[in-house]
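Taking this note's numbering, I'd label the letters of the sequence shown as residues 58 to 139.
Worksheet for the structure shown next.
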Amino acid sequence: MEFFVGLLQATMNMIQAYNLYRDSEGEWCRARAEKNEVANEVIQLRAKLTFLMSGHDSLKLEHDINSGVINNKDEEIARLRR
């Protein structure tokens, strides 16, 4: 009987450990998604700042980014810096 109780406890511990692992993996994925959102925001802000510094209209920049006219923001920034 003690064997089955021990087996049951071990199984419950494994399930609990798996649930903790799964939760931590979910937190990691959420953190990575938030990091990507922040990185995209930084890219957009950097592009807006570059346009403002070069005399372009910030509303036109936002429209170009949102409409897909500017596909690669980093290339556009590099082009403007030349």
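Just so it is clear, CB atoms sit at the ideal spot from N, CA and C, and this is done for glycine as well.
When the Cα atoms are used, what is the spatial distance from residue i to residue j?
{"i": "residue 76", "j": "residue 92", "result": "24 Å"}
{"i": "residue 101", "j": "residue 86", "result": "23 Å"}
{"i": "residue 69", "j": "residue 63", "result": "10 Å"}
{"i": "residue 99", "j": "residue 78", "result": "31 Å"}
{"i": "residue 88", "j": "residue 97", "result": "14 Å"}
{"i": "residue 95", "j": "residue 103", "result": "12 Å"}
{"i": "residue 59", "j": "residue 67", "result": "12 Å"}
{"i": "residue 107", "j": "residue 72", "result": "52 Å"}
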